[in-house]
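Reading through the structure tokens given below for one structure.
Here it is, written out as structure tokens:
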């Protein structure tokens, strides 16, 4: 069965394992085997926090290498952009030639979100806006940083957007299911 | 000459090209050819913002493929973590087998920075803390998300930390030069 790595900040949810099961069940319905970052049993008991972190990182990279596609959860996380671990895994998958699918539970575009985050933004010149630190604010009519959206577009994946209710910001699966639908079309019915 | 891709939010600086020249000059001094994301001349004039963004993304991926190492600028950017474009490029480089070096101009660790960012953090249980959205706060004694630090460690690179003055948060090159020093040791003198 085609394996789909489920990247995202879902690992930080209080009920991460139950949520993973829900996502995997949906994957199965669309003909995919969902692979969650926490799927590998790691014995972290006797490791320092640092070594435990590095051990998880290696395990996740190995899991991505075993998959044919990634479905990345890109809902903004602690700032205007998605979780950096997710961004890293999208780049990792893209370089390996995997198809990169992604979804976000916020439809507002990246430029507007960054302006909300940086209320002191201003015009730098006719074509450019910047934040209070004088760092340019990307304005490419995209959902997030151009590298992330580029990975989805260039790999032939699909980016699904949906506005979730605030209480379900990280758990709404409407857009995730839209990715599965698109992936089924691309990979063919099981 | 060994080529080093200079990933980072430096592209958003008002004087990005001049700053790139400064970084490249330093690279040269240590025996490396610095490769900056904006090095390729792209004709974006007649493209929509969206297509321009995707064109830049493809050009950057091509540049990374032409390099042997990455030196990623990981200073926190609009939130407790580094720029997501940089995180993406670290993952991309890592999957291709490049050495990943990184530096940050903030020494405070990731867990502490995330607590600063999320003042409503609380204990979830004896071993876990979470933010007000009940999303876990990583506490692995690392500089940023474990995937990013894992890339540096596993690839044999070096992570350099330095506390820059606020006005030079994104432009201080002390830690960047420390990466070059470590890279010279690894790749050998030119």
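Protein chains in written order, with my numbering: chain E, 2 to 191; chain D, 2 to 191. By construction, the Cβ of each residue, glycine as well, lies at the ideal position given by its N, Cα and C atoms. Predicted, not measured: the structure shown is a model, and the values here were computed from it.
Query, Result
"What are the partner residues of residue 101 of chain D, as DSSP defines its beta bridges?", "D:71"
"If you follow the beta strand (DSSP E) that residue 6 of chain E is in, where does it begin and where does it stop?", "3 to 6"
"Can you tell me the Cα-Cα spacing of residue 160 of chain E and residue 112 of chain D, whole angstroms?", "30 Å"
"Could you work out which residues of chain E lie near residue 145 of chain D, taking near to mean beta carbons separated by less than 7 Å?", "85"
"Measuring alpha carbon to alpha carbon, tell me which residue in D:65, D:52, D:103 and D:44 is nearest residue 76 of chain D.", "D:103"
"Please name the residue, chosen from D:36, D:6 and D:105, that lies closest to residue 174 of chain D on a Cα-to-Cα basis.", "D:105"
"Check whether the Cβ of residue 96 of chain D lies closer than 8 Å to any Cβ atom in chain E.", "yes"
"Mind listing the chain E neighbours of residue 115 of chain D? Cutoff is C-beta to C-beta under 9 Å, in chain order.", "79"
"If you count every other CB in all the chains shown that lies within 10 Å of the CB of residue 117 of chain D, and 16 or more means buried, which is it?", "exposed"
"Determine, for residue 185 of chain D, whether the minimum Cβ-Cβ distance to residues of chain E falls below 8 Å.", "no"
"Would you please state the rounded distance, in angstroms, between the beta carbons of residue 5 of chain E and residue 70 of chain E? I believe it to be under 8 Å.", "5 Å"
"Give the DSSP-derived three-state secondary structure of residue 41 of chain D in the structure shown.", "coil"
"Let's see if you can read the secondary structure: which residues bound the beta strand (DSSP E) around residue 36 of chain E?", "33 to 36"
"On the criterion of 16 or more Cβ atoms from any shown chain inside 10 Å, does residue 79 of chain E qualify as buried, or is it exposed?", "buried"
"Could one say the Cβ of residue 151 of chain D lies closer than 8 Å to chain E's Cβ atoms, at least one of them?", "yes"
"How big is the Cα-Cα spacing for residue 139 of chain D and residue 146 of chain D?", "7 Å"
"Could you give the distance in angstroms between the alpha-carbon of residue 12 of chain E and the alpha-carbon of residue 89 of chain D?", "19 Å"
"Distance, Cα to Cα, residue 179 of chain E vs residue 171 of chain E?", "16 Å"
"For residue 153 of chain D and residue 135 of chain E, I'd like the C-alpha separation in whole angstroms.", "29 Å"
"Express the C-alpha separation of residue 148 of chain E and residue 62 of chain D in angstroms, rounding to a whole number.", "8 Å"
"When you compare only the Cα positions, how much space is there between residue 181 of chain D and residue 41 of chain E?", "36 Å"
"Near residue 97 of chain E, what residues of its chain come up, given a Cβ to Cβ distance below 8 Å and the 5 sequence neighbours on each side ignored?", "65 and 66"
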